[in-house]
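Q:
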Amino acid sequence: EVRRRGSHIVMQKKTESSTITVPVPNHREVRMGTLHSIIRQSCLPKSLFEVDR
């Protein structure tokens, strides 16, 4: 966590070639499109976020 602003938490990860910054809403529920955007910005594979039902 880098900082908080209102109802959002800003996360950062520094790599050799760049810095990845991802804002994460701190809400009880997050819309599906917002969640997809956060996953895409995180540069992590979608499989890490899949839940077995």
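Position one of the sequence shown corresponds to residue -15 (the numbering used here), numbered consecutively onward.
Note that beta-carbon positions come from the ideal geometry of N, C-alpha and C, so glycine has one too.
Quick caveat, the model's predicted, so the values are computed rather than measured.
Thinking T18 and P9 are a contact (beta carbons under 8 Å), I'd like their distance in whole angstroms, please.
A: Going by Cβ atoms, the distance from T18 to P9 rounds to 6 Å, so yes, they are a contact pair.
Q: Taking I23 as the reference, which of H11, T5 and R12 has the closest Cα?
A: Residue T5 is the option with its Cα nearest to I23.
Q: Might you give, ordered along the chain, the residues of its own chain that have their beta carbon closer than 6 Å to the beta carbon of Q25, omitting 5 neighbours on each side?
A: Excluding residues within five positions, the ones whose Cβ falls inside 6 Å are V6.
Q: What does Q25 pair with, by DSSP beta-bridge criteria?
A: Per DSSP, none; premise fails for Q25.
Q: Please report the distance separating the alpha-carbon of M16 from that of R(-13).
A: Computed Cα separation, rounded: 24 Å.
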